[in-house]
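Residue numbering for the sequence shown follows full-length UniProt numbering, beginning at 1 and increasing consecutively. Written below as C-alpha coordinates is the structure these notes are about.
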Amino acid sequence: MSNTNEHTIQFDAIKTKQELTKGILSEVYTSLVEKGYNPIDQLVGYLISGDPTYITNYNGARSLVRKLERYEILEEVIKSYLNIEDIK
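Set out below in C-alpha coordinates:
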(Lines of atoms letter the chains of each structure in order from A and count residues from 1; the text may use other names and numbers.)
(Lines give C-alpha, C1' and ligand atoms only; values in the text may rest on other atoms or scores of the structure.)
Protein backbone atom coordinates (compact mmCIF):
# COMPACT_ATOMS: atom_id res chain seq x y z
CA MET A 1 0.00 0.00 0.00
CA SER A 2 1.50 3.32 -1.10
CA ASN A 3 1.37 6.48 1.00
CA THR A 4 -0.06 9.23 -1.23
CA ASN A 5 1.25 12.01 1.00
CA GLU A 6 5.01 11.53 0.83
CA HIS A 7 6.01 15.18 1.31
CA THR A 8 7.94 16.18 4.37
CA ILE A 9 6.21 18.80 6.50
CA GLN A 10 8.48 21.44 7.96
CA PHE A 11 7.68 22.51 11.51
CA ASP A 12 8.20 26.19 12.27
CA ALA A 13 8.31 26.64 16.06
CA ILE A 14 8.57 30.43 15.79
CA LYS A 15 5.47 30.70 13.61
CA THR A 16 3.60 28.32 15.91
CA LYS A 17 4.50 30.42 18.97
CA GLN A 18 3.35 33.58 17.20
CA GLU A 19 0.08 31.96 16.18
CA LEU A 20 -0.52 30.62 19.71
CA THR A 21 0.17 34.03 21.25
CA LYS A 22 -2.09 35.80 18.77
CA GLY A 23 -4.86 33.25 19.24
CA ILE A 24 -4.79 33.49 23.02
CA LEU A 25 -4.67 37.29 23.00
CA SER A 26 -7.58 37.38 20.56
CA GLU A 27 -9.68 35.13 22.79
CA VAL A 28 -8.81 37.15 25.89
CA TYR A 29 -9.58 40.39 24.04
CA THR A 30 -12.99 39.07 22.98
CA SER A 31 -13.82 37.94 26.52
CA LEU A 32 -12.88 41.34 27.94
CA VAL A 33 -15.05 43.12 25.36
CA GLU A 34 -17.99 40.80 26.04
CA LYS A 35 -17.75 41.59 29.76
CA GLY A 36 -17.69 45.33 29.06
CA TYR A 37 -14.06 46.04 29.89
CA ASN A 38 -11.62 48.13 27.90
CA PRO A 39 -9.44 45.25 26.67
CA ILE A 40 -6.36 47.34 25.90
CA ASP A 41 -6.31 48.92 29.37
CA GLN A 42 -6.83 45.54 31.02
CA LEU A 43 -4.13 43.81 29.01
CA VAL A 44 -1.64 46.64 29.59
CA GLY A 45 -2.40 46.52 33.31
CA TYR A 46 -1.76 42.79 33.34
CA LEU A 47 1.46 43.05 31.34
CA ILE A 48 2.86 45.85 33.52
CA SER A 49 1.87 44.49 36.91
CA GLY A 50 1.67 40.73 36.39
CA ASP A 51 -1.60 40.77 38.34
CA PRO A 52 -3.92 38.25 36.65
CA THR A 53 -7.01 39.89 38.14
CA TYR A 54 -6.79 42.46 35.34
CA ILE A 55 -8.09 39.64 33.13
CA THR A 56 -11.62 38.33 33.52
CA ASN A 57 -12.31 34.68 34.36
CA TYR A 58 -15.10 34.77 31.76
CA ASN A 59 -14.63 32.04 29.12
CA GLY A 60 -11.43 30.95 30.90
CA ALA A 61 -9.60 34.07 29.68
CA ARG A 62 -7.45 34.38 32.81
CA SER A 63 -6.26 30.79 32.55
CA LEU A 64 -5.55 31.23 28.87
CA VAL A 65 -3.42 34.35 29.24
CA ARG A 66 -1.45 32.73 32.06
CA LYS A 67 -0.34 29.99 29.65
CA LEU A 68 1.94 32.63 28.12
CA GLU A 69 4.87 34.34 29.78
CA ARG A 70 4.41 38.12 29.93
CA TYR A 71 7.77 38.76 28.29
CA GLU A 72 6.78 36.46 25.41
CA ILE A 73 3.56 38.43 24.91
CA LEU A 74 5.48 41.70 24.91
CA GLU A 75 8.07 40.28 22.53
CA GLU A 76 5.37 39.29 20.04
CA VAL A 77 3.53 42.60 20.40
CA ILE A 78 6.70 44.61 19.75
CA LYS A 79 7.71 42.44 16.78
CA SER A 80 4.23 42.84 15.34
CA TYR A 81 4.23 46.60 15.91
CA LEU A 82 7.59 46.96 14.18
CA ASN A 83 6.68 44.43 11.46
CA ILE A 84 9.61 42.18 12.34
CA GLU A 85 9.26 38.44 11.72
CA ASP A 86 12.03 37.21 14.01
CA ILE A 87 14.81 38.86 15.94
CA LYS A 88 17.87 36.67 16.08
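Quick reminder that beta carbons are idealized off the backbone N, C-alpha and C, glycines included.
CB residue i to CB residue j, shorter than 8 Å?
i, j, result
"residue 24", "residue 64", "yes"
"residue 46", "residue 40", "no"
"residue 31", "residue 59", "yes"
"residue 82", "residue 21", "no"
"residue 50", "residue 66", "no"
"residue 61", "residue 33", "no"
Helix, strand or coil: which one does DSSP assign to residue i?
i, result
"residue 79", "helix"
"residue 67", "coil"
"residue 84", "coil"
"residue 6", "coil"
Just how far apart, CA to CA, sit residue i and residue j?
i, j, result
"residue 78", "residue 6", "38 Å"
"residue 35", "residue 52", "16 Å"
"residue 44", "residue 16", "23 Å"
"residue 42", "residue 84", "25 Å"
"residue 8", "residue 38", "44 Å"
"residue 18", "residue 76", "7 Å"
"residue 48", "residue 72", "13 Å"
What runs of the alpha helix (DSSP H), each 4 residues or longer, lie entirely inside the stretch 20-65? 39-49 and 61-65
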